[in-house]
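Participant: Positions 22 to 296 (my numbering) are the ones given, in order, by the sequence shown.
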Amino acid sequence: MNSTSGRGAEIRSALQVNPALESEAELKLEIERRIEFIKNTLRNAGSRALVLGISGGVDSTTAGRLCQLACEALRRDGYEATFYAMRLPYDVQHDEQDAQMALDFISPDQIRTVNIKGAVDSLMENFADEQADAGKRDFVKGNVKARTRMVAQYTLANFVNGLVVGTDHAAEAVMGFFTKFGDGACDIAPLTGLVKDQVRRIAAQLGAPSSLVNKVPTADLEELKPGRPDEDAHGVPYQDIDAFLLGKEVSEDSVRKIIKQYDATEHKRQLPLAP
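#1: In this structure, how does DSSP classify Ile137 when only helix, strand and coil are distinguished?
#2: Which residues share a DSSP beta bridge with Gln131?
#3: With which residues is Ala335 paired in a DSSP beta bridge?
#4: Checking the sheet assignment: what are the DSSP bridge partners for Thr239?
#5: Run through DSSP, which three-state label would Ile32 get?
#6: Can you pull the DSSP bridge partners for Leu184?
#7: With DSSP as the reference, please indicate the residues paired to Ile52 in a beta bridge.
#8: Can Val161 and Val72 be called in contact, C-beta distance under 8 Å?
#9: Figure out for me which residue from Val195, Lys236, Asn235 and Thr83 has the closest Cα to the Cα of Tyr283.
#10: Give the single residue among His190, Ile223 and Arg221 whose Cα lies nearest to the Cα of Ala210.
#11: Where does Pro296 fall in DSSP's three states?
#12: Do Tyr111 and Lys138 have their CB atoms nearer than 8 Å?
#13: Determine the contact status of Ala123 and Ile75, defining contact as a CB-CB distance below 8 Å.
#14: According to the neighbour-count rule (16 or more other Cβ atoms, all chains shown, within 10 Å of its Cβ), is Gly67 buried or exposed?
#15: Pull up the DSSP beta-bridge partners for Ile209, would you.
#16: For the alpha helix (DSSP H) that contains Ser231, what are its first and last residues?
#17: To the nearest angstrom, how far is the alpha carbon of Ser231 from that of Cys92?
#18: How would you call Glu43, buried or exposed, if buried means at least 16 neighbouring beta carbons within 10 angstroms?
#19: Looking only at its own chain, which residues have a Cβ that is under 8 Å from the Cβ of Lys236, when we skip the five neighbours before and after it?
#20: Suppose you measure from the CA of Leu294 to the CA of Phe199; what does that come to, to the nearest Å?
#21: Using 8 Å as the threshold, is the stretch 46-62 in touch with the stretch 82-102, meaning 3 or more CB pairs across them?
#22: Which same chain residues end up closer than 7 Å to Asn39 when comparing Cβ atoms and leaving out the 5 residues on each side of it in sequence?
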């Protein structure tokens with residue numbers, strides 16, 4: 022099915038997708054544009070820091086490097102700016118080596134580590150008597166992890182007069198694949214409008230390790246399904262999601278699933294409902 026007509030065009034416009042990022046020159050210009058956006062946002066807010074959780078995935082790796090480059094550019098302009106990369110594991114992260122590789126590549130000004138296990142477990146203990154099967158409890162706990170990480174990032178941001186950075190992009194936004202008031206909560210989202218392949222290509226252009234660029238994406242929030250691929254949760258491969266957002270040919274089944282998920286998660290992309 023051609024996704025350029027009807028809902029496809031509407032959704033692509035709403036999510037600010039730019040299909041014209043094919044050449045290396047276009048990618049370089051886009052990188053410069055987004056770095057300038059980060060700089061201007063920080064300066065206009067009167068803030069002095071950027072705070073971002075680094076998971077070891079390509080999204081936070083890409084956003085993190087853009088933030089570091091923006092802070093370095095601001096300092097060259099005489100504006101005080103510091104990038105804080107946060108590690109926020111629950112106990113011991115199974116792919117911690119990827120997170121450390123990402124930090125080495127990003128080379129952030131500051132690294133802070135907060136293990137969220139105690140906070141998450143303490144909160145969950147207060148709901149031990151709730152009637153729920155193991156799967157439901159694991160899902161709820163996964164959302165608590167995401168929201169606890171955001172609390173930690175905002176705590177640091179408050180201390181350092183900073184803005185919290187999000188990693189949402191168009192391929193996640195269209196599926197509503199983020200925790201509301203968790204990883205979906207932020208002050209600035211520098212990857213907005215990019216499809217997954219564009220994020221990968223920007224990461225490669227920035228010089229990120231190929232193992233991170235091509236890593237299978239996972240939110241890794243559910244303990245009963247550790248390392249569960251995003252695509253397994255979507256029910257649609259990123260290749261089809263990207264194609265849909267770029268107005269290319271996609272199977273009718275994938276178009277139907279994407280639009281259904283987009284409509285079902287509309288509340289996540291909006292401010293709270295009001296009368």
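Backbone N, C-alpha and C fix where the C-beta goes; we use that ideal spot for every residue, glycine too.
Predicted, not measured: the structure shown is a model, and the values here were computed from it.
Facilitator: To lay it out plainly:
#1: Per DSSP, reduced to three states, the secondary structure at Ile137 is coil, with no helix or strand assignment.
#2: Answer is Tyr105.
#3: Lying before the first or after the last residue shown, residue 335 is absent from the chain, which here runs from 22 to 296.
#4: Partner(s): Pro250.
#5: Residue state, collapsed to three classes: helix.
#6: In the DSSP assignment, Leu184 forms a beta bridge with Leu71.
#7: Secondary-structure assignment with DSSP links Ile52 through no beta bridge to anything.
#8: Judged by beta-carbon spacing, Val72 lies beyond the 8 Å limit of Val161, meaning their Cβ atoms are not closer than that value.
#9: Per the Cα distances, Val195.
#10: Measuring from the Cα of Ala210, the nearest candidate turns out to be His190.
#11: If DSSP states are grouped into helix, strand and coil, Pro296 belongs with coil.
#12: In contact: Tyr111 and Lys138 (Cβ atoms closer than 8 Å).
#13: Cβ atoms of Ala123 and Ile75: closer than 8 Å.
#14: Residue environment: Gly67 is assigned as exposed (fewer than 16 neighbouring CB atoms within 10 Å of its CB, all protein chains considered).
#15: DSSP lists Val186 as partners of Ile209.
#16: Boundaries of the alpha helix (DSSP H) around Ser231: Ser231 to Val234.
#17: Between the alpha carbons of Ser231 and Cys92 lies a distance of about 24 Å.
#18: Burial call: exposed.
#19: The answer, listed in chain order, is Gly77, Gly78, Val79 and Asp119.
#20: Computed Cα separation, rounded: 19 Å.
#21: Judged by Cβ distances under 8 Å, the stretch 46-62 makes contact with the stretch 82-102, as three or more pairs qualify.
#22: Gly214, listed in sequence order.
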